[in-house]
Amino acid sequence: MTFYQLIFYAFSTVAVFSGLMVVASNNPVRGALFLVLTFFAMSGVWLLLQAEFLALILVLVYVGAVMTLFLFVVMMLRVNVVGMFEGFVRYFPLALFVIMVIAGISIMVIGPARFGLLSMPAPGIKPDDFSNIKEIGMVLYTDYAYPFEISAVMLLTAIIAAISLSHRKTKK
Amino acid sequence: MMEGLLLLGLIVIKIVAIILVLLLTVAYLTFFERKVLGYIQVRIGPNRVGPRGLFQPFADIIKLLCKEIIIPNASNRYLFIFAPIISLGTSIAAWSVIPFQKSIVLADINAGVLFILALSSLGVYGILIAGWASNSKYAMFGALRAAAQSISYEICMGFALVGVMMAAGSLNFQTIVMAQEGGVWHWYWLPLLPLFLVYWISGVAETNRLPFDVAEGESEIVAGFHVEYSGTAFALFFLAEYANMVLISALISLLFLGGWLSPFQGIPYLETWFSFVPGIVWFLLKLSFFLLVYLWIRGTFPRYRYDQIMRLGWKILLPVTIVWIVVVAMAVQFNVAPWFAS
Chain A
1 MTFYQLIFYA FSTVAVFSGL MVVASNNPVR GALFLVLTFF AMSGVWLLLQ
51 AEFLALILVL VYVGAVMTLF LFVVMMLRVN VVGMFEGFVR YFPLALFVIM
101 VIAGISIMVI GPARFGLLSM PAPGIKPDDF SNIKEIGMVL YTDYAYPFEI
151 SAVMLLTAII AAISLSHRKT KK
Chain B
1001 MMEGLLLLGL IVIKIVAIIL VLLLTVAYLT FFERKVLGYI QVRIGPNRVG
1051 PRGLFQPFAD IIKLLCKEII IPNASNRYLF IFAPIISLGT SIAAWSVIPF
1101 QKSIVLADIN AGVLFILALS SLGVYGILIA GWASNSKYAM FGALRAAAQS
1151 ISYEICMGFA LVGVMMAAGS LNFQTIVMAQ EGGVWHWYWL PLLPLFLVYW
1201 ISGVAETNRL PFDVAEGESE IVAGFHVEYS GTAFALFFLA EYANMVLISA
1251 LISLLFLGGW LSPFQGIPYL ETWFSFVPGI VWFLLKLSFF LLVYLWIRGT
1301 FPRYRYDQIM RLGWKILLPV TIVWIVVVAM AVQFNVAPWF AS
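First to last, the sequence lines map onto chains A and B.
Note that the numbering used here numbers the first sequence so that position 107 is 107, with each residue one more than the last.
Take any residue in the second sequence, note its place counting from 1, add 1000, and you have its number in the numbering used here.
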């Protein structure tokens, strides 16, 4: 086993374990913290794929901003842990069905047929001056310019909607 | 195999050297802070331990190490112990990409600026987890305040850095410093003046220092997020805060004040007279200046109220940065002389 593989397996084990713990832990704050760990481990895996820009942005945006806000809200909630497992047995068959459907769809979409090594070869060693950011910018503003702009407009709409919903007029 | 081990050993030695110097700096920074605050308040400050009180930091360290670590019964044990480790770990790990002089750096990576941003955004988890795991009302309030504050100011910091990245055309610290070559007027503090000020202010806010220390707020919530901590666990938080101060000062000097570049570059006579000074001296001088200003601000300003902090962050600093990013983009696009003429 090479050093790279060792790092890969370490990070992916942490990612899978903490991903499971997000669902399994009965304290919502702990669940959120495990989600943070999952993101962190995934960014480690992405670093191995030489996608350092995406990996660092994942930490910056999801861990640094989104999850902080999540925790901010979750910490202030009072969740009744005792009643959480009520009806576990009753809903179990339904849950199993939903899980199987979701797993099936995921395997079909991101399975080896589309994302196998044949269709998506692993990135080789890049030259020293290879810039992730330039490559992404290139693709984002040429091939994917429309989806990019449309998602930006959608986000803007969401911001305006959120502000207009929560805005309180000051009385004069 | 031997070569690999040798390389590993060299890296470990470098890491140990950086951490040792950093810890010593932090120790004397606390001493310096007490002295400066003392003189600002017309006192003498600590002067009992050793000549002129110079051994005071060691007395403090020994005291903190010998104290008992109290873990509250109602706390979340593992997270309670884990929190200070996150705080210190992130603030030390960030030093791996800081260049002290041309090509004197532990890890010369292309996305250095982004790496620092990502790590500093991780740092808030130390505070957040500490506040929650303590299971105490004051600590909880400190954690919530820290979370809200760090999100608001991280955005300003990130945008201010976007300006620097555009101006230098790179995310590598060495390239950014070298792009500022050519004397004081070519350093980025001038063409990016609003971003420089915004970065400085949000740097102070990011380290939870006065006047933005609502997360601790001794007079309001006792000691905020670390109210339940004692002994070594508390010392780790303390270390992390001061290591972050040094880090932010280093970042400002690298990104906006030309890092290790001499201020006399391009000035006749002065340039040759001072050419014997190694770059690291200039870098440390700039860094020390910002550290002094940290203490100066602490001795001068009263604490902001929570809503005032939010107002400053979202309604003043953020619009200023966004406007100036557009200005910088224009300047870079049209090669405005003398800074962006390429």
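Yeah, the Cβ is synthetic: ideal placement off N, Cα and C, and Gly gets one too.
Taking DSSP as the reference, what is the three-state secondary structure of Q1041(B)? coil
Close beta carbons around A1240(B), own chain, < 6 Å, minus the five adjacent residues each side: S1087, L1088 and S1091
Can you grab the Cα-Cα spacing for the pair R1077(B) / I1070(B), in whole Å? 11 Å
Alpha-carbon to alpha-carbon, E86(A) and M100(A): 22 Å
Mind checking who I1104(B) pairs with in its DSSP beta bridge? Q1101(B)
Three-state secondary structure assigned by DSSP to W46(A): helix
Buried or exposed: where does W1339(B) fall if 16 or more other Cβ atoms within 10 Å of its Cβ makes it buried? buried
What distance in whole Å lies between the Cβ atoms of I1129(B) and A1083(B), which are believed to be in contact at a cut-off of 8 Å? 4 Å
Y1153(B) (DSSP reduced to helix, strand or coil): helix
Helix, strand or coil at N1073(B) according to DSSP, with G and I counted as helix: coil
C-beta neighbour in chain A for W1314(B), strict 7 Å: no
What residues from chain B crowd round F34(A), counting only those whose CB sits closer than 7 Å? Those within 7 Å of F34(A) in chain B number zero; the least Cβ separation is about 11 Å.
For the stretch 57-75 of chain A against the stretch 21-31 of chain A, do three or more pairs of beta-carbon atoms, one drawn from each stretch, fall closer than 8 Å, so that the two count as touching? yes
Taking Cβ-Cβ distances shorter than 9 Å, what residues in chain B pair up with E52(A)? I1109, N1110, A1111, L1114 and F1115
Straight-line gap, T2(A) to A1107(B) (C-alpha atoms, nearest Å): 22 Å
Thinking C-beta only, is L1247(B) closer than 7 Å to A1139(B)? no
C-alpha distance - A122(A) paired with K134(A), whole-angstrom precision: 20 Å
Where the alpha helix (DSSP H) containing D1307(B) begins and where it ends: Y1306 to R1311
In whole angstroms, give me the CA-to-CA distance for S1096(B) and I1109(B). 10 Å
Cβ-based contacts, 9 Å cut-off: residues of the stretch 120-133 of chain A near chain B: D128, D129, F130, S131, N132 and I133
Using a beta-carbon distance below 7 Å, is T68(A) in contact with chain B? yes
For the alpha helix (DSSP H) that L1064(B) lies in, which residues bound it at each end? Q1056 to C1066
Measuring only between beta-carbons, confirm whether G64(A) sits less than 7 Å from chain B. yes
Beta-carbon separation of V1177(B) and L1254(B) under 7 Å? yes
Rounded to whole angstroms, what's the CA-CA distance from L1300(B) to L1261(B)? Just pull it up for me. A quick correction: the sequence has Thr, not Leu, at residue 1300(B). Approximately 31 Å, taken between the alpha carbons.
Against chain A, does A1118(B) count as a neighbour if the rule is that its beta carbon must be under 7 Å from one of theirs? yes
Delimiting residues of the alpha helix (DSSP H) encompassing R114(A): P112 to F115
By Cβ distance below 8 Å, which residues in the same chain neighbour F39(A) in space, the five residues on each side in sequence not counted? L58, V59, Y62, V63 and M67
What does I1344(B) touch in chain A if you count any residue whose Cβ is under 7 Å from its own? Chain B is shown only over 1001 to 1342; residue 1344(B) falls outside these bounds and no answer can be derived.
Please report whether the beta-carbon of S1202(B) lies at a distance below 7 Å from any beta-carbon of chain A. no
What is the C-beta distance between V1124(B) and A1146(B), in whole angstroms, given that I count them as a contact (C-beta under 8 Å)? 6 Å
Note down, in chain order, each residue of its chain lying with its Cβ closer than 8 Å to the Cβ of L1022(B), except the 5 sequence neighbours on either side. I1092, W1095, A1243 and V1246
L1193(B) and S1249(B): beta carbons closer than 7 Å? no
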